[in-house]
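Report on the structure given below.
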Amino acid sequence: MKRFLAATAAAVVCLNTAHAQDASTLARIRDEGMNRSHVLELFNHLTNVIGPRLTGSPAFKQSIDWSAATLRGYGLAGVHTEAWPYGRGWTLEKFTLEMTEPRYFPLIAFPEAWTPSTAGDVVMRPVYIGDLANVDSVKAHASQIRGAIVLATKPQEAFITQDRLQPTEHDQPVPIGAPRPNVAAGPLPRAVLQSTLHDLGAALVLRPSEGTEGTMFVLGNRASTPENSVPSAIVAAEHYNLLVRALQGGSPVRLRANVQTRYYAADTNGYNVIAEIAGSDPQIGDEVVLLGAHIDSWHSATGASDNADAVAELMEAMRILKSLGIAPRRTIRAAIWGGEEEGLLGSKAYVQQHYAGDANARARAKLSVYLNNDPGTGPIYGWYSEGNSAAKALFDTWLTPLKDVGGRRNIIEKIGNTDHLSFTALGLPGFNTIQDYGEYDTRMHHTNMDFYERIKPEELKQAAVTLAAFAYQAAMRQEPFPRASVIP
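Quick note, our numbering runs 41 ahead of the 1-based positions in the sequence shown.
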């Protein structure tokens, strides 16, 4: 009995000591992240120095090389890039769109990604086909369409004016994804129309965005080539509507346009960056707590909220942990993904190489947890728990010390459309941060307005501290991270 009591007392002392050490380390993490932060420098470099980072572009590769070099400079171990098949890259080299008659007026517009070039300046009266009903009626205007600037859809009269519900404002299930866009109706499915206009020899196709006040949602079709597509651009709805209504009113509208783009085929790989702080525990040091964020963006802005802020926060979290000399029991690994915007390509490639199949069964068992940072902006309030109640209970405990710096609550619901899905598809524990969606769906996400000014410095600091704190607590935990079955 005396031995049992002595052993119990020793265990209690060890437990109390561990809790005290954790509290002390969390305080140090907070102090370093709030008072000696590098996160704004990282964020500025990604957004203002490198700029937009479309996967496969020279700027994307620059961001990969820079982030690897920066993490190496922090003293992290095993810093390397991993290549995966992607395809050719693309950049925009020049673009102008202006109305020259009946008066001069520069138009707010931006070419879609992977669009081919025009044959220099195209100067002419545009052709409006938004009211045509089918392929035959479009082809009936072949002589007008050849070499023309085509206004392809009806005027945009319905707009994205609301963000999705904020996930921390109520206790109800959280709708996932942005409000459904109200895209102006066209005569044909887009792919059919694009192919038809290419065959008819159109010089440039213009479509309106569903954003307001000059905000444009600009994406693209990676399959577009000069051989199968026609140059295309998105126009601010107010300006597109002006052109259509002026034509309908009999005005002699004349436009000048020039789109110059370049494809890159010398390197057809996408890339991820991997770096880590090695685990120190002889028993569980080879288990991995993995943090991730995607570095690629769309091309019409600098991808500040999607997803430069998250990458800067991830890199800063790793810097904090390394600079404090923390020796985590488990390995803490950082992954910076490419190709998320084109379909989670980088994270899927990583999971396929390192975790899928019978040969990787041991690696799957050794992955403790994957923590992803992507949709939304601002401070990290908590985590989507993917239906895993045991994980939520852990997150609730880990969030408590951060309540005074903006931590609010974790929710049991899941979220879609980002890189943790590559892990949960294999039954691996993957989770994503909860952040705000204020103006995210209406003004930032995939728009020409996603710039540095959308993000507040103190929120970057808070998010980096939160990531570092959660990574530390996951790495120091004695028990394995609780797993749940795959959520349908």
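We put the beta carbon where it would ideally sit given N, CA and C, even for glycine.
As the structure is a prediction and not an experimental result, all values here were calculated from the model.
Please state whether DSSP places residue 203 in a helix, a strand or coil.
Under the three-state reduction of DSSP, residue 203 is assigned to coil, being neither helix nor strand.
Are residue 167 and residue 130 close, meaning C-beta to C-beta below 9 Å?
No, the pair does not count as a contact, with Cβ atoms beyond the cut-off.
Straight-line Cα distance separating residue 397 from residue 349
The alpha-carbon atoms of residue 349 and residue 397 are separated by roughly 28 Å.
To the nearest angstrom, how far is it from the Cα of residue 329 to the Cα of residue 411?
Those two C-alpha atoms are separated by around 9 Å.
Does DSSP put residue 403 in a helix, in a strand, or in coil?
Three-state DSSP puts residue 403 in a helix.
Consult DSSP for residue 503 and reduce its assignment to one of helix, strand or coil.
DSSP places residue 503 in helix when its eight states are reduced to three.
State whether the segment 375-384 contacts the segment 437-454, with contact taken as three or more CB pairs (one from each stretch) at a distance under 8 Å.
Per the Cβ contact rule, the segment 375-384 is not in contact with the segment 437-454 (fewer than 3 Cβ pairs under 8 Å).
Cβ neighbour criterion (16 or more within 10 Å) applied to residue 216
Unreliable placement is indicated for residue 216, whose pLDDT of 48 sits below 50; no coordinate value is reported for it.
My understanding is that residue 359 touches residue 112, with C-beta atoms under 8 Å, so please give their C-beta distance in whole angstroms.
The distance from the Cβ of residue 359 to that of residue 112 is about 7 Å, consistent with a contact at the 8 Å cut-off.
If you follow the alpha helix (DSSP H) that residue 104 is in, where does it begin and where does it stop?
Here the alpha helix (DSSP H) through residue 104 covers 99-114.
Which first and last residues belong to the beta strand (DSSP E) in which residue 273 is found?
Per DSSP, the unbroken beta strand (DSSP E) holding residue 273 starts and ends at 273-276.
DSSP on residue 285, reduced to helix/strand/coil?
Of the three classes helix, strand and coil, the one that applies to residue 285 here is helix, per DSSP.
Grab the span of the beta strand (DSSP E) containing residue 418 for me, first residue to last.
Per DSSP, the continuous beta strand (DSSP E) segment holding residue 418 begins and ends at 418-425.
May I ask you to report which of helix, strand or coil DSSP gives residue 194?
Three-state DSSP puts residue 194 in coil, outside helix and strand.
Indicate whether residue 531 and residue 313 have their beta-carbon atoms separated by less than 9 Å.
Look at the range of the chain in this structure, 42 to 529, and you will see that residue 531 is not part of it.
Is the distance from the Cβ of residue 136 to the Cβ of residue 300 below 9 Å?
Residue 300 sits close to residue 136, with the two beta carbons spaced by under 9 Å.
Can you tell which of 418, 139, 502 and 488 has the C-alpha that lies nearest to the C-alpha of residue 340?
Minimum Cα distance to residue 340 is reached at 488.
Residues near residue 277 in its chain [Cβ-Cβ closer than 8 Å; skip 5 each side]
Contacts found: 148, 149, 150, 249, 250, 252, 255, 256 and 257.
I need the DSSP call for residue 438, collapsed to helix, strand or coil.
Here DSSP, grouped into helix, strand and coil, assigns residue 438 to helix.
Within the continuous alpha helix (DSSP H) that includes residue 85, where are the two ends?
80-85 is the span of the alpha helix (DSSP H), which, as asked, contains residue 85.
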